[in-house]
Structure formats: structure tokens, C-alpha cells
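Q:
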Amino acid sequence: MRQPHEIIAYVTFDPVTVGRQLPQSLRFLTVSELATGGVRWATDYLAEHPAHGHWGISFLEIVRMGTFTIDGRAPNWPEHGAAALWFARIAPSDPATDLGPGQPFLALEFWMPDSAYVAYMRGKGHHATYGDVTLIQRSDGNWRGAVSVAGLRVAAECMPTGAVTGGVGSAGMQVFFPPLLSTVQNIVRVAFAGHREQECGSGSVWSLQGTHPLVGGVVLRPSTLQYGYDLMGGAYPW
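Numbered according to the numbering used here, the sequence shown spans residues 1092 to 1329.
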């Protein structure tokens, strides 16, 4: 993937709502763990939501990609077409287990607006399902994203404001594990570089409606616009 633009919101969630998707060898990282580790936002969050210590932390992302290919094949994007991801922070159930390089996530959802490409991704070992996803930049610089799938409607707006962080020296690694009910058994390891980030202004919104587990979560502020990086990776047996 090259030169994407994505709007991202971090979302806390009740792990009971997605427990059937979690492999036994993995567990969700909790807000309480992050607070104990000195993460400031988690401490502030628990002061406001003291009953949410056992909740998980995730990100919801709507991303429009400059280039996206798997083994040379690209999706057939509709007008303003984008992808959407809901990935949750995880850790091994056994602390002695090494999950390998990269920050680990459970790929709870990966929606693409091209059903043929979804089938192709699954055949290549990538977890994906069909979803109507769009991301548009308006003339005033505001980004507007939308997701429409069974049981969920997402509407998001982001007006980037303030300083841009990251840049040429920004880099990292991540590893994505498939949900338990997926037909895919592979993990995906990725590395990215050149990452830039800018906060969404106070008028930015994320609206989540429906019966999907995401709807019961808490969207954290601020959300961000992230862009300008290249990402490479591959699927590997788990």
C-alpha cells in the first residue's frame, strides 16, 4: 500500500460483545492495563468511566489508498471507494508466548467495496468481508467517511487542524491475527514508514448506529488524519 489517506478513531469496547471472535491463545489488552502502565489517556478515561477497566481498546479506520495491491492485483474501486478496518489491541494469553515482531492486533473487521477482491484476499490468506465504504475530501479540506454494512452505519468527518507529526523518520511494524470465526488462518505482518499524523478539529464527528458491537463502544477524542506513508507486508501461517 502506498500514499494512503485515512481517518482514525480509537474506540473502547466491551470484550464480551466480541468474545466469540477471540482465539484461546490470545486476549484483549485492557484499558486498566494501559492505565497501570502509565498511559495518560487511559488514566483519564477510567476517571470518567470507572467500570470500564476490563474493556478493550481498538481503532476504527476509513482509508483511501493511493495504491493497494496483493501480489500485483488491485481492487476495482467505485467512485470515492475506500476500505474500513476495526482492529483491537491484543496480547498472548500465556505471557511466555512470543507473537513475533510487530504490535499485535485482532482483525475484527476489514471491509472492502469490491466483492471479487474480497474473495481474492481470502484466497491469499487475508481476512476481509464486503462493505460499502467511501472517503471523500471536500473542497474546504474536510474529510468525510462512511461505512454501510449489515447492522452498522458509520458517518465520520475530520477537519485536520494543528501541527503535523511524524514524517520521514516515522516507522513501525504491526501483526494482524484473524478472528476465530474467519475461514482465514494466516497472520499478516506489515511494516510502514513515512507516517504523518494530524488531529481532527473540534467540529469533527463519528456517528455509529445499528446493532454491531462497535455501536456500544466509546469513541475517544481526538480522532486523527493519517497519511503519507508506504506499507508492505505479507500473509504467513500461524
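The beta carbon of each residue, even a glycine, is placed where N, CA and C say it ideally should be.
1. Do you know offhand how far S1298's Cα is from E1124's?
2. So E1139 is in the alpha helix (DSSP H); what residue range does that whole segment cover?
3. At the level of alpha carbons, what is the spacing between S1314 and V1154?
4. Is it the case that the Cβ atoms of P1192 and S1116 are separated by a distance below 8 Å?
5. Less than 8 Å separating the beta-carbons of V1224 and A1173?
6. So, under 8 Å CB-CB, L1316 and W1234 are touching, yes? Tell me the CB distance rounded to an integer number of Å.
7. Tell me which residues share the same chain as Y1211 and place their Cβ nearer than 8 Å to its Cβ, disregarding the 5 neighbours each side in the sequence.
8. Quick one: what's got a C-beta closer than 7 Å to G1294's C-beta in the same chain, skipping five residues either side?
9. DSSP has F1159 in a bridge; who is on the other side?
10. If I follow the unbroken alpha helix (DSSP H) through T1127, where does it start and stop?
11. Touching or not, the segment 1281 to 1295 and the segment 1255 to 1264, by the rule of three or more beta carbon pairs under 8 Å?
12. For T1220, which option in F1104, W1202, M1323 has the closest C-alpha, if you only look at C-alpha atoms?
13. So, at 6 Å on beta carbons, what are the nonlocal neighbours of Q1289 in its own chain, with the 5 sequence-adjacent residues on each side left out?
14. Mapping the DSSP letters down to three states, classify L1190 as helix, strand or coil.
15. Any idea if M1323 is buried or exposed, counting beta-carbon neighbours within 10 angstroms, 16 or more meaning buried?
16. Based on Cα-Cα distance, which residue from P1114, M1156, A1326, L1305 lies nearest to I1148?
17. Name the one or two DSSP bridge partners that M1263 has.
18. What separation, rounded to the nearest whole angstrom, lies between the Cα atoms of G1216 and F1268?
19. When the distance is taken between beta carbons, is G1128 closer than 8 Å to L1137?
20. Output the distance between the C-alpha atoms of V1266 and P1141, rounded to the nearest integer angstrom.
21. Going by alpha carbons, who is nearest to S1273 out of L1120, V1209, T1134, F1159?
22. Quick check: the Cα distance between V1130 and T1158, rounded to an integer number of angstroms?
23. For V1122 versus V1310, is the C-beta spacing smaller than 8 Å?
A: Based on what the coordinates show:
1. 27 Å
2. 1131 to 1139
3. Near 14 Å, if we compare the C-alpha coordinates of V1154 and S1314.
4. no
5. yes
6. Their Cβ separation, rounded to whole angstroms, is 6 Å, which keeps L1316 and W1234 in contact under 8 Å.
7. I1161, R1164
8. Closer than 7 Å at the Cβ level, and outside the excluded window around G1294, lie M1250.
9. DSSP, once it has assigned bridges, lists no residue as partnering F1159.
10. 1122 to 1127
11. yes
12. W1202
13. P1251, V1255, L1316
14. coil
15. exposed
16. L1305
17. In the sequence under discussion, the amino acid at residue 1263 is Gly, which differs from the Met named in the question. Paired residues: F1283.
18. Near 11 Å, if we compare the C-alpha coordinates of F1268 and G1216.
19. No, Cβ-Cβ distance for L1137 and G1128 is not below 8 Å.
20. 30 Å
21. Nearest option by C-alpha distance: V1209.
22. 34 Å
23. no
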